[in-house]
Amino acid sequence: MNRPFSKRNRWRQPSVLPGFGLTFGFSLGWLTLIVLIPLATIFLKSAGMGWSDFIKVGFSERAVAAYRLSFGTAAAAGLVNAIFGLLVAWVLVRYSFPGKKIVNALVDLPFALPTAVAGIALTALYAPNGWIGQYLDPLGIKIAFTRIGIIIALVFIGLPFVVRSVEPVLADLGKDVEEAAATLGATRRQTFTRVIFPAIGPALLTGFALAFARGVGEYGSVIFISGNMPGKTEIAPLLIVTQLEQYAYDGATAIATVMMIASFAILLGINLVQAWSRGRAGA
Amino acid sequence: MITVQNISKRFGDYPALHNINLTIEPGEFIALLGPSGSGKTTLMRIIAGLEFQDSGHVLFDGEDVSTRKVAERGVGFVFQHYALFKHMTVAENVAFGLSVRKRKDRPSKIDIKARAEELLGLVQLGGLGNRYPAQLSGGQRQRVALARALAVEPQLLLLDEPFGALDAKVRKDLRRWLRGLHEQMGLTSIFVTHDQEEALELADRIVVMDHGVIEQVGTAEQVYMEPASPFVSDFVGEINRVDVTVTNGLIRLNDRQLDIAANGYADGPAQLHFRPHDVELAGADAGGLPIIVSNLFRKGGKWRVEGQCGTLDRVIEIDLDATDTPPHVGAELVVRPTKSRIFHTTGR
């Protein structure tokens, strides 16, 4: 305690915020209990099956198709949400209108709704004989039981993540920054691309990452609308459940491990990009 | 020349500005002074084109710019909270106005960079171009905001409470420096403030506003020495305000006759205004205000005496020379204003 600058104490800087050791230790313990131990059991389980078996099951043709579908549709849905979630956040922050509180609550609804309910509702809408599907079907557009259906379900599930990530940053941005850009002769377009977008970029990326991560792991809503054709519209989480139902626990854990590592790598990458952009803003 | 003609503006039911007329000569440094809610910021934002009037016109050199957007008016605007672009370096902030120009009007990248450097030198921030706004102090940020506004070579510089968020010492330095810059660059400048000291020190002319109307336009001398209304008298500088009655050209405070001429004033209730330094102490039976000293402290080179005058609920403040022997608390004095103004009590 008396050697605040000694090398042995490099994590312990003198600070007015007390309890670093206690809170850090507690957070680490909590994370271990809640996140690390369950994840570690997946690793252990898959480690027991041997490398060649692991590759065979974890990278079978059916599994690879499922990964591509899961990550691809999650990314697409995250992208759609980034664009339209930004729009919703913009409207909620910048304008006041009757019923704003209701719209605000609607945004959070996908959080609360049982995902199966969402899946069934969307299927009822977009199935070839559904309310919307019946008009699209004659045009040759199929939504339910295709990738597009999966993307729609994931967009529904992921919307709140983007809106709630971007909203506070947008509110904090302030009208005066936009006005400053206008007084300096910037057009609306320049103001958006050069002033607003870079400022909310990191938050938008967070929202995208959350929506993406949620989309990768989503199960309940997708299985109703996707049709679950192996190799075509079968998502990775469903494949895991299928394996479990066939008592192929090794297969399930192998697929789970691959998904976990891929997700972790992607999320870590996004975090690094964010740290870099924050560093640039000098904050 | 900036001309404001019959400008009115309402926000919903709230009348922000009522029939404002104002002419500003080239090269002038104008202060819009008033309490919050007086409409001073709204007036400046209308001149800038950030807000639009309900009726009336804004003319730049005789040309009606009322419907022109802010980007087309060629004004530089410095915001109260700087409004710097946080994700850009200081140099990028300053260069922004030049870099968003249409290609044919846009200087080359090298020229823009050189211009930004030059402006940063002008605001005494040379060498800090690569920093981010978060790494600067409040005074430095304000100067970056100023350099950014000057980069587009505005014919008119508008400053919204430019020193509001700074501490007293920085504020004073920056004030003097801004005055120098204004003269050096031959700008026409308008700034909004609620700080009368700032307005008195900086401005060529002061526009005193209250409740959406202009109360008085004049030099610091005129506004301080010859206030046109009780509001101006009260708002600019320190003042003692005493309710009195005028009868036959004589002023009475309750049943006491004051030794102040009120020739030409109609009979009736009135307000007597006098400044703390425009007083002398008089004998007990002279026609002045009797006060009992309730507080005494040194205020720079003066003694500030606060006293209770009979049943008046407002404290009377007077200044005495520091070389005088100060009265003690509880002493009874008679104060005679040597210079005062009388305003009839009207509805307001």
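So the protein sequences, as listed, match chains F and V. Position one of the first sequence corresponds to residue 1 (my numbering), numbered consecutively onward. Position one of the second sequence corresponds to residue 1001 (my numbering), numbered consecutively onward. Quick reminder that beta carbons are idealized off the backbone N, C-alpha and C, glycines included.
is_contact[residue i, chain F] using C-beta, thresh 8 Å
i: V/ARG1298; result: no
i: V/ARG1101; result: yes
i: V/ALA1147; result: no
i: V/LYS1086; result: yes
i: V/PHE1343; result: no
i: V/VAL1058; result: no
i: V/VAL1123; result: no
i: V/GLY1097; result: yes
i: V/ALA1071; result: yes
i: V/VAL1090; result: no
i: V/VAL1144; result: no
i: V/VAL1152; result: yes
Beta-carbon neighbours of residue i, restricted to chain F and to distances below 8 Å
i: V/PRO1050; result: Per the sequence shown, the amino acid found at residue 1050 of chain V is Leu instead of Pro. Chain F residues near V/LEU1050: GLU179, ALA182, THR183.
i: V/PHE1079; result: ASP176, GLU179, ALA180
Burial state of residue i (16 or more Cβ within 10 Å)
i: V/VAL1004; result: buried
i: V/ASN1240; result: buried
i: F/PHE212; result: buried
i: F/PHE197; result: exposed
i: F/PRO18; result: exposed
i: F/TRP131; result: exposed
i: V/PHE1079; result: buried
i: F/TYR247; result: exposed
i: V/GLU1118; result: exposed
i: V/ALA1083; result: buried
i: F/PRO38; result: exposed
Within-8 Å CB hit, residue i to chain V
i: F/ALA144; result: no
i: F/SER186; result: It should be noted that the sequence gives Ala, not Ser, for residue 186 of chain F. Cβ-Cβ to chain V under 8 Å: yes for F/ALA186.
i: F/PRO198; result: yes
i: F/ALA275; result: no
CB contact flag (residue i, residue j, <8 Å)
i: V/VAL1232; j: V/GLN1216; result: yes
i: V/ALA1116; j: V/VAL1075; result: no
i: V/PRO1230; j: V/PHE1274; result: no
i: F/LEU210; j: F/SER165; result: yes
i: V/ALA1266; j: V/VAL1246; result: yes
i: V/LEU1120; j: V/GLY1139; result: no
i: V/LEU1050; j: F/GLU179; result: yes
i: F/THR146; j: F/THR73; result: no
i: F/LEU244; j: F/ALA252; result: yes
i: F/ALA144; j: F/THR115; result: no
i: F/GLY185; j: V/ALA1220; result: no
i: V/ILE1316; j: V/CYS1309; result: yes
i: V/PHE1343; j: V/GLN1271; result: yes
i: F/LEU239; j: F/ILE261; result: no
i: F/PHE71; j: F/THR257; result: no
Cross-chain neighbours of residue i in chain V, by beta carbon under 7 Å
i: F/VAL195; result: PHE1085
i: F/GLN190; result: VAL1100
Under 9 Å by beta carbon: chain F residues contacting residue i
i: V/VAL1075; result: THR183
Chain B contact for residue i (CB, 8 Å cutoff)
i: F/GLY158; result: No chain B appears in this structure, whose protein chains are F and V.
(request) Output, in sequence order along the chain, the residues in the stretch 161-175 of chain F whose CB is closer than 8 Å to any CB in chain V. (result) GLY174
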